[in-house]
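Numbering-wise (the working numbering), the sequence shown opens with residue 10 and increments by one.
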Amino acid sequence: MFLDHKNILITGGTGTVGKALLEKFLSYNINHIYIFSRDEQKHNAEMNKFQNHSKVSFIVGDIRNYNSIDRIMKGIHIVFHTAAMKIVRICEYNPSETFYTNIIGTQNVIKSAISNGVEKVIFTSSDKAANPTSVMGISKLYCEKLVSHANFIPNSNTIFTCVRFGNILGSRGCVLDLFINQIKTQDYITLTHPDMSRFILTKEESAELLVKSAQYAIGGEILINKMPNIRIYSLAKVLIQYLAPRFSKSPDGISIKIIDKQPSEKIHEELITLHEAERTLEFDNHYCILPTIHQERWKQYNLGQSKKISKEINSDTCSCMSEQELLNYLLKKKLI
Ligand SMILES: NC(=O)c1ccc[n+]([C@@H]2O[C@H](COP(=O)([O-])OP(=O)(O)OC[C@H]3O[C@@H](n4cnc5c(N)ncnc54)[C@H](OP(=O)(O)O)[C@@H]3O)[C@@H](O)[C@H]2O)c1
Numbered sequence: 010m011f012l013d014h015k016n017i018l019i020t021g022g023t024g025t026v027g028k029a030l031l032e033k034f035l036s037y038n039i040n041h042i043y044i045f046s047r048d049e050q051k052h053n054a055e056m057n058k059f060q061n062h063s064k065v066s067f068i069v070g071d072i073r074n075y076n077s078i079d080r081i082m083k084g085i086h087i088v089f090h091t092a093a094m095k096i097v098r099i100c101e102y103n104p105s106e107t108f109y110t111n112i113i114g115t116q117n118v119i120k121s122a123i124s125n126g127v128e129k130v131i132f133t134s135s136d137k138a139a140n141p142t143s144v145m146g147i148s149k150l151y152c153e154k155l156v157s158h159a160n161f162i163p164n165s166n167t168i169f170t171c172v173r174f175g176n177i178l179g180s181r182g183c184v185l186d187l188f189i190n191q192i193k194t195q196d197y198i199t200l201t202h203p204d205m206s207r208f209i210l211t212k213e214e215s216a217e218l219l220v221k222s223a224q225y226a227i228g229g230e231i232l233i234n235k236m237p238n239i240r241i242y243s244l245a246k247v248l249i250q251y252l253a254p255r256f257s258k259s260p261d262g263i264s265i266k267i268i269d270k271q272p273s274e275k276i277h278e279e280l281i282t283l284h285e286a287e288r289t290l291e292f293d294n295h296y297c298i299l300p301t302i303h304q305e306r307w308k309q310y311n312l313g314q315s316k317k318i319s320k321e322i323n324s325d326t327c328s329c330m331s332e333q334e335l336l337n338y339l340l341k342k343k344l345i
């Protein structure tokens, strides 16, 4: 296994994706895993779970501060950079804070990784980076550019790559948790638009993709898993039908209330824009968007099994799961 005997750093390791990565790594023959984030309470909660694991260390620090991240980078082989501000509405109202965490923080990770000779850095991006309409999406797009460019910095051997996710069901603050809580505590679910659609994945799948990307990334590319697509309205309906009886309620007693959409929120998400499609390779299970710079190196990304795509990939035109398929998915993935 390529991670054998490696030292791994997970920035944001106390978050949803970070914890899924840690869980996965415990079954590997890794030398040591460093969990890096700010809030001591989250560290404390995780430390209680992992106190018998001599291979896991919890480090309090802030990616906004170069010295804070740099003091832990020495001897690290692989960095999974998941730390970020990610809630669209919070970022929208706090653009300068988002700038410092997402953009300056990522630049600090890049600079420190290069100066400490890290082998690979994997950055977690979002489909909100594609044709962004929000501060969060813009910050992710900018980070993708920083990370992609970092791959080509002279005198550096560090491989930098980006992974773009859709909505991780079961992550903190996700729509699934909101709906479940609403069904439990009130007689309606709130939906911001009846046509809203999203690409989805589970936290385990996000960790899987990050590990695969760390293994196969050449550097500079954006890797995107092929993900199922759903109507959020279908999710609301399926959850009401399935969960209301489990909370001793009648599904008929729970309505779907359409509320105002946040102005920065998209009705449909793009996974790959039309412009990006021009330089996207399609593989069996994933897409690879080639960097906008150093076109002369593009041929190294084409491993022979790929084909070109001719149009954008978005959640409006991709087929959606039926309600039955969605219910099966939620049950199979143990999300409900
Ligand atoms: N969840 C999704 O649906 C989704 C979808 C697409 C992409 N992503 C991306 O995947 C990554 C992980 O998402 P997630 O759902 O795991 O987020 P999360 O649960 O909110 O976790 C974020 C982590 O980052 C840490 N963090 C935040 N600011 C920090 C800072 N300045 N310095 C150090 N650590 C900091 C947080 O801990 P402290 O606050 O204690 O520091 C926490 O451990 C993010 O980059 C996110 O944008 C997520």
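Virtual Cβ for every residue (Gly too), placed ideally from N, Cα, C.
Keep in mind it's a predicted model, so treat the numbers as computed, not measured.
Cβ-based neighbour list, residue i, same chain, cut-off 7 Å, excluding 5 preceding and 5 following
i, result
"Q250", "P260"
"K320", "L283, A286"
"L335", "I239, S243, L244, V247"
"G223", "One detail in the question is off: residue 223 reads as Ala in this sequence, not Gly. Contacts found: I87, K129, I131."
"K275", "T142"
"P203", "Y242, I267"
Those residues which DSSP pairs with residue i across a bridge
i, result
"R240", "S206"
"K266", "T199"
"L232", "V172, C297"
"K129", "I87, I168"
"V69", "S46"
Beta-carbon spacing of residue i, residue j below 9 Å
i, j, result
"D71", "G21", "no"
"A216", "K149", "no"
"V69", "S46", "yes"
"C297", "I233", "yes"
"R181", "G24", "yes"
"H277", "S206", "yes"
"V89", "I17", "For the record, residue 89 in the displayed sequence is Phe; it is not Val. Taking 9 Å as the Cβ cut-off, F89 and I17 qualify as a contacting pair."
Chain-order list of residues whose beta-carbon lies under 6 Å from that of residue i (same chain, five-residue window excluded)
i, result
"Y197", "S264, K266"
"G27", "I19, G21, T91"
"P104", "V144"
"D79", "S121"
Backbone secondary structure at residue i - three-state DSSP
i, result
"K320", "coil"
"L344", "coil"
"L252", "helix"
"N76", "helix"
"S135", "strand"
"E291", "strand"
"I302", "coil"
"L12", "coil"
"S148", "helix"
Limits of the unbroken alpha helix (DSSP H) element including residue i
i, result
"L187", "184-194"
"N117", "114-124"
"E55", "49-58"
Unbroken beta strand (DSSP E) run spanning residue i, endpoints
i, result
"F34", "Per DSSP, F34 belongs to no beta strand (DSSP E); it is in the alpha helix (DSSP H), 25-34."
"C297", "295-298"
"H41", "41-46"
"T107", "First-last for T107: 104-107, but that is the alpha helix (DSSP H), not the beta strand (DSSP E)."
"E279", "279-281"
Cβ-based neighbour list, residue i, same chain, cut-off 8 Å, excluding 5 preceding and 5 following
i, result
"I227", "I168, T170, Q309, Y310"
"F256", "I192, K193"
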